[in-house]
Each structure stands twice: as C-alpha cells, then as structure tokens.
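S.K.:
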Amino acid sequence: MKSDIPKLMRERGLDAIMIVGGGVNNPIMTYMTGPARLMRSVYAMKADGTSLLVHNPMERDEAAETGLPCSTFADFGLKNLTREEQSEIKGEARMMGLILEKLGIKGKVGLYGNLEASRLLSQVEFIRKRTDGVEIAPESDRTIFEIARSTKDATEIERMKEIARRSCEAVGIVRDFLFSCKIHGNGLRKPDGDALKLGDMRSMIRTEFIKRGLAESSGTIISMGRDSAVPHNFGNDEQPIETGKTIVMDVFPGEVGGGYQFDMTRTYCVGNIPREVKKIYDDVLEAQELILKSLQVNSLARLYQDKTCEFFESRGYRTIRQDDKLQEGYVHGTGHGIGLEVHEKPRLAGPETNADEILPGSVFTVEPGLYFPDRGIGVRIEDIVYATPEGKFEVLVDFPKELSPPSVA
Numbered sequence: 026m027k028s029d030i031p032k033l034m035r036e037r038g039l040d041a042i043m044i045v046g047g048g049v050n051n052p053i054m055t056y057m058t059g060p061a062r063l064m065r066s067v068y069a070m071k072a073d074g075t076s077l078l079v080h081n082p083m084e085r086d087e088a089a090e091t092g093l094p095c096s097t098f099a100d101f102g103l104k105n106l107t108r109e110e111q112s113e114i115k116g117e118a119r120m121m122g123l124i125l126e127k128l129g130i131k132g133k134v135g136l137y138g139n140l141e142a143s144r145l146l147s148q149v150e151f152i153r154k155r156t157d158g159v160e161i162a163p164e165s166d167r168t169i170f171e172i173a174r175s176t177k178d179a180t181e182i183e184r185m186k187e188i189a190r191r192s193c194e195a196v197g198i199v200r201d202f203l204f205s206c207k208i209h210g211n212g213l214r215k216p217d218g219d220a221l222k223l224g225d226m227r228s229m230i231r232t233e234f235i236k237r238g239l240a241e242s243s244g245t246i247i248s249m250g251r252d253s254a255v256p257h258n259f260g261n262d263e264q265p266i267e268t269g270k271t272i273v274m275d276v277f278p279g280e281v282g283g284g285y286q287f288d289m290t291r292t293y294c295v296g297n298i299p300r301e302v303k304k305i306y307d308d309v310l311e312a313q314e315l316i317l318k319s320l321q322v323n324s325l326a327r328l329y330q331d332k333t334c335e336f337f338e339s340r341g342y343r344t345i346r347q348d349d350k351l352q353e354g355y356v357h358g359t360g361h362g363i364g365l366e367v368h369e370k371p372r373l374a375g376p377e378t379n380a381d382e383i384l385p386g387s388v389f390t391v392e393p394g395l396y397f398p399d400r401g402i403g404v405r406i407e408d409i410v411y412a413t414p415e416g417k418f419e420v421l422v423d424f425p426k427e428l429s430p431p432s433v434a
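Take the sequence shown: its letter number 228 is residue 253 in our numbering, and every next letter is one higher.
Below you can see the structure in the form of structure tokens.
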C-alpha cells in the first residue's frame with residue numbers, strides 16, 4: 026500500500042525517490058500524486074515524507090489539485106538551464122539536480138517514471154556527474170512500487186469497485202444486444218436487418234465505456250472461433266457473428282488518463298451450442314470455481330497455477346506446465362494483479378523464483394481458459410478478486426456467467 030512506501034525506502038536504503046514524466050498514463054506518478062492531468066512533471070520525496078511536485082506553469086491549477094507542495098519549471102529556471110547547456114535533456118537533468126538540492130537530498134535516490142529510456146539514461150549520467158553526494162540507485166529485485174502497489178487500501182478498493190460497476194453496466198448492454206439479435210441462417214441479424222459483426226460489438230462497447238467515463242487502455246478483445254482460441258487475438262471487426270462458435274469478450278477499461286483499471290472476460294455462444302463447446306465451457310467454469318474456493322491469504326500466488334494445471338490435466342487436457350511451447354489446451358497463467366495497470370503483482374503463475382504472495386489487500390484476476398485453434402474453440406472466464414483485511418475473498422463485481430441466452434441454455 027502507499028503507506029508502506031517510507032518503510033520500503035528504508036529497507037532498500039533509499040534516502041529519496043524521484044518520479045519523472047507526466048501525470049497521464051504514468052502509473053507511478055498517479056500513485057503518488059493522484060489523477061492530476063499533468064503533461065510534464067517531476068516529483069521528489071524524502072524518506073521522511075517531505076516532497077515537492079514541479080510542473081509546467083500552465084498546469085498550476087491541475088498541480089494544485091494534488092494538495093502537494095508545488096513549484097514550477099520557471100521557479101527552477103528551466104529555460105535558462107536549457108540555454109546554458111544547449112540541450113533540453115541536459116537542462117532538465119540540471120533542474121532535477123536542483124530539485125534534489127532544494128529538498129536537501131543526499132545519498133541514494135530511486136528514479137522512476139515513464140520517460141523514453143535513452144533520454145532518461147542520459148539524464149541519470151548527467152546527474153551522477155554534476156550533483157554532489159547523490160547516487161542514482163537501481164533496484165535489482167521487485168521495485169518498492171511493485172511491492173507497495175501489490176496491495177490496495179480502502180480508498181483504492183472503492184475506486185476499483187466503482188470502475189468495475191460501470192464496466193459491467195457497459196458489458197451488460199452489449200451482451201443483451203448480442204442475445205437479442207435474431208438468428209438468420211448461421212448468423213445474426215441486427216434490428217436494421219444487417220448482419221451483426223464483431224466490429225459492431227466493439228464499437229458498442231467503446232461507446233458505452235465513453236458514456237461512463239471509461240477509456241480502453243489498449244482496446245477490447247472480441248474474438249470468435251479460431252481467433253478466440255489465441256488468448257490475445259483481438260478479433261476481426263469484419264467477421265460476422267456465427268452461431269455455434271465461441272465468442273471471447275475480454276474487457277479491460279480504466280479511468281480516463283490512466284487511473285485504476287478493470288479486467289473481466291466472458292465467453293458466449295449463440296444458436297445451437299455444440300456439445301464439445303458446452304463441455305469445455307463447463308470445465309473452465311469448474312476450474313475457476315475450484316480456484317476461487319481454494320484461495321488463502323499469505324499463500325504463494327504461483328501455487329494456484331499448479332492447482333489449475335492439475336485440474337485440467339485430470340480432465341485430459343494438456344497444460345503449459347507440461348510444455349511451455351503449448352498452443353492448445355491450457356496455455357497461460359491463472360491470473361495477475363491489477364490496479365493502476367492491468368497487469369501488476371501478484372502473478373498467479375511463473376517459475377519457482379516467483380515469490381509473490383496473496384496478502385490482505387491483494388487484488389487479482391482468476392482467469393482459467395482452454396484453447397483449441399484447430400477446432401475453432403476458445404473459452405476463458407475471468408473475474409477480479411479482492412483479499413479483504415480480514416482474510417476473506419470477494420469478487421469485485423458479480424456479473425453473470427452464461428454461455429448462451431437463458432432461453433437457449
């Protein structure tokens with residue numbers, strides 16, 4: 026949790042942290058400053074909590090919203106520094122050094138953010154040479170922010186629940202529209218008589234997200250048939266919906282500007298459901314229910330991958346632990362943490378070196394799936410789970426798991 030940052034800094038021997046980049050789509054900056062829409066900024070904080078947010082003068086109102094002590098680039102003479110150095114990169118690096126000096130920061134400094142790598146490397150080198158008593162200290166293991174963000178406090182959980190609620194509203198509208206379309210031959214017809222395509226569903230979900238103040242972080246997976254059997258195939262917008270084929274709908278919207286994220290997958294099939302599809306769907310659903318019932322706090326997250334593999338293997342399916350090149354059967358991990366990014370700690374998979382634990386405050390997905398490209402069948406069911414401070418487990422939103430319209434099931 027965010028309140029753990031000072032303790033984590035002390036454990037790593039960090040005297041201060043510095044975060045660079047804007048406040049939009051920069052998870053670590055957002056974590057420390059809140060959802061301020063800053064295009065460029067530098068945030069520095071000492072181990073005792075003393076901090077300073079430095080920003081473009083034009084963004085002073087947005088910066089003030091954070092409630093943090095603030096200064097502007099002009100206060101540090103960025104324009105003159107850039108002119109003297111004959112380099113924007115070096116000018117910014119000098120300013121970063123001056124920010125450290127203003128806060129009286131000496132010793133080891135952790136540097137974070139989302140600047141372009143070669144630019145940041147140049148600035149690190151400049152600071153090392155030109156700022157006395159400061160060591161930019163790399164982290165060789167999980168960073169302090171990966172650890173802190175792997176558990177959420179009550180405020181974060183409330184925000185995530187609200188994002189989940191709005192997301193599920195949007196998904197429900199698209200699902201209901203899919204189920205309401207009339208079967209015509211081996212396809213579906215919209216009310217206007219045109220064939221329903223995957224792109225129609227994608228456009229609809231995007232519109233419904235926007236109505237609810239949500240944004241797609243990198244799109245939405247709506248894939249069918251063979252494409253649904255490749256886990257991260259986003260699907261072909263021009264492909265008409267066909268009866269009897271699996272449709273995987275994996276949504277991962279979030280707050281506009283890069284705030285908290287949501288992630289949920291449902292698999293649908295309309296018309297006559299092939300027996301094979303129903304069997305695979307039921308097995309995936311049973312696998313998810315098994316994992317949800319077996320969750321325990323203070324447990325190693327990767328062990329749930331073993332449980333998932335054991336279950337699928339007992340049903341005669343091949344799994345990724347048998348062959349890491351596997352492309353048919355169970356081919357991915359059981360789940361992942363989620364927060365300001367869609368993929369965070371803990372990771373419910375990985376090698377024996379993965380020491381991630383499920384702790385009170387952990388928020389993560391449980392998403393088993395089975396995939397058969399040659400048969401044109403893909404099934405995944407995914408929900409977000411919250412480990413409460415009391416050690417209980419709560420699914421963030423209870424959204425129906427139904428393969429087909431109730432009248433057809």
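For every residue, glycine included, the Cβ atom is placed at its ideal position computed from N, Cα and C. Just so we're clear, the structure is a prediction, and the values are computed from it rather than from any experiment.
1. For a quick check, are the C-beta atoms of Pro52 and Gly386 less than 8 Å apart?
2. List the endpoints of the continuous beta strand (DSSP E) containing Asp275.
3. Please report how far the alpha carbon of Ile130 lies from the alpha carbon of Asp73, in whole angstroms.
4. According to DSSP, what are the bridge partners of His209?
5. Scan the stretch 213-295 and note each continuous beta strand (DSSP E) run of 3 residues or more that stays entirely inside, going in chain order.
6. Could you please give the first and the last residue of the uninterrupted alpha helix (DSSP H) stretch that includes Arg343?
7. Could you give the DSSP three-state label for Thr390: helix, strand or coil?
8. Closer than 7 Å by C-beta to Lys312: which residues in its own chain qualify, once you throw out the five before and the five after it? Chain order, please.
9. Taking the alpha-carbon of Val134 as reference, which of Arg343, Pro31, Thr245 has the nearest alpha-carbon?
10. If I'm right that Val159 touches Leu136 with Cβ under 8 Å, what's the distance once you round it to whole angstroms?
11. Can you check DSSP and say which residues form a bridge with Asp308?
12. Out of Arg65, Leu317, Ala240, Asp308, which has the shortest C-alpha to C-alpha gap to Asn139?
13. In the structure shown, what three-state DSSP assignment does Gly158 receive?
14. Within 10 angstroms of its Cβ, does Ala99 collect 16 or more other Cβ (buried), or is it exposed?
15. Leaving aside the five residues before and after Gly212 along the sequence, list all residues of the same chain whose C-beta is less than 8 Å from its C-beta, in chain order.
16. Identify the continuous alpha helix (DSSP H) that holds Ile172 and give its terminal residues.
17. Distance, Cα to Cα, Asp157 vs Gly38?
18. Taking all protein chains shown into account, decide if Ser243 is buried (16 or more other Cβ within 10 angstroms of its Cβ) or exposed.
19. For the stretch 374-383 and the stretch 270-290, state whether three or more C-beta atom pairs, one from each stretch, are separated by less than 8 Å.
20. Look at the Cβ atom of Met121, then the Cβ atom of Val199, and state whether they are nearer than 8 Å.
21. Candidates Gly362, Pro398, Glu109: which alpha carbon is nearest Met370's?
22. State the CB to CB distance for the pair Lys27 and Ala173, rounded to an integer number of angstroms; the pair is presumed to be in contact (CB under 8 Å).
23. Given this structure, state the Cα-to-Cα distance separating Arg184 from Val49, to the nearest angstrom.
24. Can you confirm whether the stretch 186-205 touches the stretch 409-427 when touching is taken to mean that 3 or more C-beta pairs between the two stretches lie within less than 8 Å?
25. Starting from Thr97, trace the beta strand (DSSP E) both ways and give me its first and last residue.
26. Over what stretch of residues does the beta strand (DSSP E) that includes Leu373 continue unbroken?
27. Measure the beta-carbon distance from Ala326 to Arg251 and round it to whole angstroms, keeping in mind my assumption that it falls under 8 Å.
28. In terms of residues, what are the limits of the beta strand (DSSP E) holding Asp73?
29. Taking the beta carbon of Arg191 as the centre, do at least 16 other beta carbons fall within 10 Å, making it buried, or is it exposed?
30. Does the stretch 80-92 come close enough to the stretch 139-154 to have 3 or more Cβ pairs within less than 8 Å?
31. Between the alpha carbons of Arg155 and Glu280, how many angstroms are there, rounded?
32. Mind checking who Asp408 pairs with in its DSSP beta bridge?
33. Considering only residues of the stretch 31-69, which uninterrupted beta strand (DSSP E) runs meet the minimum length of 3 residues and lie entirely inside it, listed in chain order?
M.R.: Short version:
1. Taking the sequence shown and counting its residues from 1, the one referred to as residue 52 is at position 27. Taking the sequence shown and counting its residues from 1, the one referred to as residue 386 is at position 361. Contact flag unset, no.
2. Mapped onto the sequence shown, residue 275 falls at position 250. Asp275 -> beta strand (DSSP E) spans 272-276.
3. Indexing the sequence shown from 1 puts residue 130 at position 105. Indexing the sequence shown from 1 puts residue 73 at position 48. So the two alpha carbons sit approximately 11 Å from each other.
4. Taking the first residue of the sequence shown as 1, we reach residue 209 at position 184. Answer by DSSP bridge pairing, in chain order: Gly212.
5. 239-241, 246-249, 272-276, 278-280, 289-293
6. For this step, residue 343 is matched to residue 318 along the sequence shown. That residue, Arg343, is in no alpha helix (DSSP H); it is neither H nor E in DSSP.
7. Locating residue 390 in the sequence shown gives position 365, counting from the first residue. Thr390 falls in the strand class under three-state DSSP.
8. Indexing the sequence shown from 1 puts residue 312 at position 287. Checking the displayed sequence, the identity of residue 312 turns out to be Ala instead of Lys. So the qualifying residues of the chain are Thr333, Phe336, Phe337, Pro393.
9. Taking the sequence shown and counting its residues from 1, the one referred to as residue 134 is at position 109. The shortest C-alpha separation from Val134 is found at Pro31.
10. As a first step, residue 159 is located in the sequence shown; it is residue number 134 there, counting from the start. As a first step, residue 136 is located in the sequence shown; it is residue number 111 there, counting from the start. That pair is no contact at about 10 Å.
11. Taking the sequence shown and counting its residues from 1, one reaches residue 308 at position 283. None, per the DSSP bridge assignment.
12. Reading the sequence shown from its first residue, position 114 is the one you call residue 139. Of the listed residues, the one whose Cα sits closest to Asn139 is Arg65.
13. For the purposes of this step, residue 158 is identified with residue 133 of the sequence shown, where counting begins at 1. Reduced to three states, the DSSP call for Gly158 is coil.
14. Residue numbering aside, residue 99 sits at position 74 when the sequence shown is read from its first letter. Exposed, by the Cβ-count rule.
15. Within the sequence shown, the letter at position 187 stands for residue 212. Correct list, in chain order: Ala220, Leu221, Pro265, Ile266, Glu267, Thr268.
16. Translated into the one-based positions of the sequence shown, residue 172 becomes position 147. From DSSP, the alpha helix (DSSP H) with Ile172 extends over 169-173.
17. Taking the first residue of the sequence shown as position 1, residue 157 is located at position 132. Taking the first residue of the sequence shown as position 1, residue 38 is located at position 13. About 18 Å.
18. Your numbering for residue 243 matches position 218 in the sequence shown. By the 10 Å Cβ count, Ser243 comes out exposed.
19. no
20. Residue mapping note: residue 121 aligns to position 96 of the sequence shown, counting from 1. Residue mapping note: residue 199 aligns to position 174 of the sequence shown, counting from 1. Against a cut-off of 8 Å, the Cβ pair of Val199 and Met121 comes out as no contact.
21. Taking the first residue of the sequence shown as 1, we reach residue 370 at position 345. Residue 370 is actually Lys in this sequence, not Met. Ranking Gly362, Pro398, Glu109 by Cα distance to Lys370 puts Gly362 first.
22. As a working mapping, residue 27 is identified with position 2 in the sequence shown. As a working mapping, residue 173 is identified with position 148 in the sequence shown. Yes, Lys27 and Ala173 are in contact; Cβ-Cβ is about 6 Å, under 8 Å.
23. By one-based count along the sequence shown, residue 184 stands at place 159. By one-based count along the sequence shown, residue 49 stands at place 24. Roughly 17 Å separates the two Cα atoms.
24. yes
25. Here the question's residue 97 lines up with position 72 in the sequence shown. That run of the beta strand (DSSP E) goes 95-97.
26. Within the sequence shown, numbered from 1, the residue matching residue 373 stands at position 348. First-last of the beta strand (DSSP E) with Leu373: 369-373.
27. Position 301 of the sequence shown, counting from 1, holds the residue named residue 326. Position 226 of the sequence shown, counting from 1, holds the residue named residue 251. Going by Cβ atoms, the distance from Ala326 to Arg251 rounds to 31 Å, so no, they are not a contact pair.
28. On the sequence shown, residue 73 is found 48 positions in, with the first residue counted as 1. Taken as a continuous stretch (DSSP letters only), Asp73 belongs to no beta strand (DSSP E), as it is neither H nor E.
29. Reading the sequence shown from its first residue, position 166 is the one you call residue 191. Classification for Arg191: buried.
30. no
31. Looking up residue 155 in the sequence shown gives position 130. Looking up residue 280 in the sequence shown gives position 255. Their backbone Cα atoms lie some 39 Å apart in a straight line.
32. Indexing the sequence shown from 1 puts residue 408 at position 383. Paired residue(s): Val391.
33. 41-45
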